[in-house]
Amino acid sequence: MALAKGINRLPENENFILFAACEQGDLQTLQDYLNPLTTIDIESIRDEQHATLVHYAARYGHIHILEYLIEKKHLDISQLRTELAATCAHDAAVCDQVQTLHYIFHYDQLNDKNNNNRQSLSQKLRWNVKDEQGNTPLHLAAAYGSIRTLHYLLEHESADPRIRSYNGFQPIHYAALSGHKDCLKLLLTTAPDTVNEQTSTLLTPLYLACQYGSIDLVKILSSHGANFKLRDENGLNCLHAACQSAHLHIVQWLVEKLNANVDDIDYMNNTPLHYAAANNSEDILIYLLEKGARITKSSHGNTPLHVAAENGHQSICAILIERGGCSVITCNNSQLTPIDLANHYGFSSLANSLRLHEKSSLPSQNASANSKKIQLENATIVRLVVKKPHVTRNDASNQANENEIVKDLSTNSDFTLPKKIINPRFDISELRARVDEYEAVRRGPTTATDGNTNVLMHSMESIKLQNQNRRRSKLPSQTYAPWLKMALIFYNKSHAIMEDILPSNHSDLAQSYGHIGLLLNKLGDYPKALLYHEKAFEIRLKILPENHPFLANSHNNIGSVYNSMGKYSKALKEYKEALKINLTTFPLNHPHIGTSYHNLATVYMNLGERPKALSLYRKGLSIYTKTLSSNHLVLATIHSSIGLLYYYMGNYSEALSYYEKAIQLYQNALLLNHPYLTTLYNNIGLTYLAMGSYSKALLSHQKALEIKQKIFSSNHSTIAISYKNIGNVYFEMKEYSKALSSYENALKIRKKNIPFDNNILINYYNSIGLTYLHMNEHTKALSCYEKAISICYKTHSPDYSEMAKSYYNIGCVHLKEKKYSNAFPYFYRARDIAQATFPADHPSVRQYQKKLVNFQYENASSYIFI
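In terms of full-length UniProt numbering, the sequence shown is residues 1 to 866.
Structure representation (structure tokens):
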């Protein structure tokens, strides 16, 4: 055990030794520790990112370690995933370990004598296995420049280069974003039709290459027919992207070789000059002016000089005044000049310089100082809105600790590097760097947004840092993450710092309030979520024009909270305000307007106004169909929503038609295991159940369960929901033993995830009790109902509908046993609870009242609960 000496001082000593053994290929050390352990014990050995021993062995290409773990210790690698659901195949692809990847995919075929053991594994890993973000090993190979792995997957595993992640990225998008020329060439050779494919936010490979700044990639893509005029969801094309990222050579090539229009505008009428001014790109600004770029205003009346002034770019202002003819007295829509903006953001030196160019007579000269101050406080400080990819950041403290450990080991005489690395392409430091980079990308906290846009920072250093981070970030992050509470902690810390250093009405504070509000809404803390969104709205109302898209975002966010709270009239009001702003800001067929129609339709559906909801859904679908790619996932979402509406309207055939269309859209995007598919199959199952087609309902719920078992842990709450749904179908089929088994599986999972006094458990106990009742297991039925009532009294906010149901069901058990005197108090209690909980005409009130009346005045022995 060469690694064991001298490491006792480290925390979690044994786990560290085991991970180090996997990294160094030290099988003897591994065997000494693991031979006494069970498979479950070994699978539970995890690092901070939830990576297992097989992940470490795969990263460093130690097939003999994998053979031991898989074939001797029988680890099921299909179920061993990191916190972001990455398998060992993903890790091998990142580190370009081709032989290891081949073993992972085909170990069941490599040694026939152990074939029987291997067949017992529930699932084999293949090239299309997805992590939480929907990335396959093929995506990661393209993202990290693992060209040998990319060759292997495409040529030997027949991997589909058109497969998409959950944010719509294909491997070619990752290759373009990361600047890997060889990977890009290979993907274009294999699938030339992907050259103009767009992501969920309408980014093309060429757009991403322009952001990255690789002229070679831009030339390669252009030679294959890439369309530089395609726009992202905010109307930016490749020229805007190159100016936004300060890549002069890209700008020159687009203008001179592809005749890109230097005056092209995005949806907010920002030109390339606006983006160059915002990013302090003097060379790009001068080049565009020499090419005849005109000084124009954005939708909010800002010239490039306004943008440069609010960001404090003195040299940019000088160029715009001297070469571009910009006027320092031009007012934007809020009657603010560049001088006003420079003053407001604390750039007093720049403001003084601008005053030197001021004419002797200014339109605003008669305004008093107080009135100007009021203008600045209450009117718009308009910021240039740009599309930026999300950025992930390394945790500096974790990195420092890791570096200290590596330093300790490198100076420890008992720690030696292996003499031979299986993959000769890397030395140990290069390979470790690649692993560290991958770990940082996967574990770094993501920067969420409360809209599809961010505001440019007015600090030059901030812009430089943003561009550096953009280039470092290999994979665009997802806004969804399982660690919402942890994210909330970091956002609160970040917000506290911003409150200390920023003015109380700063736009970045509003954005921070919005971020926290979104998280609180997802966590179900609706009052706090509403408070934070309203704070964001108050700030934006003071500094933005009344038709700014950020105000629409705030209205949408507030409406979403009200919708979650069941306050539909208030949600409707907010969504209508958002639509009103979007209609004045964007083209009539812009996806944001489609989203507004979608939101309004959802509220009308909740209000029971189904014809209005259907009309709005169709408007949204019409816009999406015209403006989005044919397999865009938003189309799947709205088809699913329309299907649900038809389900509530009782038009089950139409509901199924829309559900099937949504499923087809996901399959066209090659998202065969997407979490949203589970919701669709669940809804299809409910529809078939309502139609009495029990076998089809059962098949749909089983499909949902099968997908969930691939992408979630075995104790995930959503798997319990599928078991519950399957139990409901078996119950209707009168296969009570199967129903009972499904209900008990669901309850077992739920007990692990939620406290004993949770209302959800009440429903599960009621379902199990009802099943026992139909199986004539009266004692067991009573036990379940009594547990349900016990939970009702222990919880702080009991579900009174379930409590009434429990009392009613106990009465039914006594009625079946002909214990009439015992039954009466329970029926009476159920009726009283229902009357106190529901309106007088509620079905439950009528049901319990009718039962009580019949029990009192008719022959009780003739009433047997069915």
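No residue lacks a Cβ here, since even glycine has one placed at the ideal position from N, Cα and C. A quick note: this is a predicted structure, and the numbers were derived from the prediction, not measured.
Buried or exposed for residue i, going by 16 or more other Cβ atoms inside 10 Å?
i      : result
Phe490 : exposed
Ser44  : exposed
Leu37  : exposed
Lys229 : exposed
Arg59  : buried
Glu233 : buried
Lys794 : exposed
Ile40  : exposed
Ala496 : exposed
Val853 : exposed
His64  : exposed
Asp340 : buried
Leu18  : buried
Ser504 : exposed
Ser281 : buried
Ala57  : buried
Leu28  : Per the sequence presented here, residue 28 reads as Gln, with Leu not at that position. Its Cβ having fewer than 16 others within 10 Å, Gln28 is exposed.
Out of the options, which has the shortest C-alpha to C-alpha gap to residue i?
i           : options                           : result
Glu574      : Thr585, Leu530, Pro591 and Gly608 : Leu530
Met733      : His774, Ala143 and His224         : His774
residue 877 : Gln198, Leu254 and Leu230         : It is not possible to answer for residue 877, since the shown part of the chain is limited to 1 through 866.
Val634      : Ser569, Ser200 and Ser801         : Ser200
Ile768      : Lys738, Ser790 and Lys752         : Lys738
Asn683      : Ile711, Tyr666, Met649 and Ser640 : Ser640
Gly650      : Glu744, Ala246, Gln667 and Tyr688 : Tyr688
Ser741      : Phe105, Glu538, Tyr772 and Ile711 : Tyr772
Ala191      : Ala176, Leu203 and Pro161         : Pro161
Tyr658      : Tyr648, Leu644 and Tyr666         : Leu644
Leu699      : His716, Thr678 and Ser717         : Thr678
His131      : Leu686, Ser717 and Asn673         : According to the sequence as given, residue 131 is Asp; it is not His. The option with the nearest alpha carbon to Asp131 is Asn673.
Ile707      : Pro843, Ser693 and Tyr676         : Tyr676
Ser722      : Ile749, Tyr736 and Glu735         : Ile749
Thr87       : Ile539, Arg829, Leu125 and Tyr617 : Leu125
Ile539      : Asp508, Ser821, Ile642 and His102 : Asp508
Asn582      : Tyr568, Ser554 and Lys570         : Ser554
Ser714      : Asn728, Tyr694, Tyr743 and Lys752 : Lys752
By the DSSP assignment, the alpha helix (DSSP H) with residue i in it spans what residues?
i      : result
Gly594 : Pro591 to Asn606
Pro304 : Pro304 to Glu310
Leu531 : Tyr526 to Ile543
Glu155 : Ile147 to Glu155
Gly559 : Pro549 to Met565
Leu520 : Ser507 to Lys522
Met733 : It is not in any alpha helix (DSSP H) - Met733 carries neither H nor E in the DSSP assignment.
Ser222 : Ile215 to Ser223
Arg829 : Tyr820 to Thr837
Glu574 : Tyr568 to Thr585
Thr39  : Thr39 to Glu43
Arg618 : Arg610 to Thr627
Arg355 : Ser348 to Leu356
Ile77  : Element bounds for Ile77: n/a, residue is neither H nor E.
Which same chain residues, not among the five before or five after residue i, have their C-beta less than 8 Å away from its C-beta?
i      : result
Leu770 : Phe731, Ala781 and Asn809
Leu572 : Gly559, Leu600, Val603, Tyr604 and Leu607
Tyr526 : Leu520, Val561, Ser564 and Met565
Asp216 : Lys181
Thr627 : Asn589, His590, Pro591 and Gly594
Arg846 : none
Residues in the same chain with beta-carbon distance under 6 Å from residue i, minus the five sequence neighbours each way, listed in chain order, please.
i      : result
Pro304 : Leu273, His274, Ala277 and Leu320
Gly620 : Gly594, Tyr597, His598 and Ile638
Lys724 : Ala746
Glu83  : Gln49 and His50
Ile663 : Leu680
Ala788 : Ile762, Tyr765, Asn766 and Ser806
Looking only at its chain, what residues have a beta carbon closer than 7 Å to the beta carbon of residue i, apart from the 5 residues adjacent to it on each side?
i      : result
Asn15  : Ile45
Glu404 : Any reading at Glu404 needs caution, since the residue's pLDDT is 40, under 50, leaving its predicted position unreliable; the model's value is listed next. The answer is none, since no qualifying residue turns up.
Leu75  : Thr39, Ile42, Glu43, Val54 and Leu69
Pro418 : For Pro418, the predicted structure reports a pLDDT of 34, less than 50, and the residue's modelled location is therefore unreliable. A value from the coordinates is still provided. Same-chain partners within the cutoff: Gln24 and Gly25.
Lys696 : Tyr688
Gln702 : Ile726
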